[in-house]
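Trainee: Let me give you the structure first, and then I'll get to my questions.
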Amino acid sequence: MQGYCVKCKKKQEIQNGKIVSMKGKGKVKRQALTGNCPKCSTKMFRILGKEQAEEMARELKKAA
Ligand SMILES: [Zn+2]
């Protein structure tokens, strides 16, 4: 999955992606993908929608 790298100032494929859960307001639980830029290793972060999170979880499971 791609994310925006602030250092490269462009989209990069997120490497070593990991899904993390964050608590939002009220009972809302949000999921995000964290990882590193393949070019400069800068930490990248992308908020995931419910469907995106499920898709990403499947991909990570496949890759493991
Ligand atoms: Zn970068």
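Numbering (numbering that gives the first Met the number 0), first residue to last: 0 to 63. Virtual Cβ for every residue (Gly too), placed ideally from N, Cα, C. On a predicted model such as this, the values are computed, not experimentally measured, just so you know.
Could you compute how far the alpha carbon of CYS39 sits from the alpha carbon of LYS8?
Mentor: Looking up residue 39 in the sequence shown gives position 40. Looking up residue 8 in the sequence shown gives position 9. Computed Cα separation, rounded: 11 Å.
Trainee: What are the uninterrupted segments assigned as beta strand (DSSP E) that are 3 or more residues long and contained completely in the stretch 0-36, given in chain order?
Mentor: 1-4, 9-12, 14-22, 28-35, all fully within the stretch 0-36.
Trainee: Could you tell me which residues DSSP puts in a beta bridge with LEU47?
Mentor: Position 48 of the sequence shown, counted from the first residue, corresponds to residue 47. Per DSSP, GLN30.
Trainee: So if DSSP puts LYS42 in a beta bridge, which residue, or which two residues, is it bridged to?
Mentor: Within the sequence shown, residue 42 is the residue found at index 43, counting from 1. According to DSSP, which records beta bridges pairwise, LYS42 is partnered with ASN35.
Trainee: Less than 6 Å between C-beta atoms, sequence neighbours within five positions excluded: which residues of the same chain meet that for VAL34?
Mentor: In the sequence shown, residue 34 corresponds to position 35, counting from 1. The question names Val, yet the displayed sequence has Gly at residue 34. Within the same chain, GLY34 has close Cβ partners ILE13, GLN14, ASN15, GLY16, MET43.
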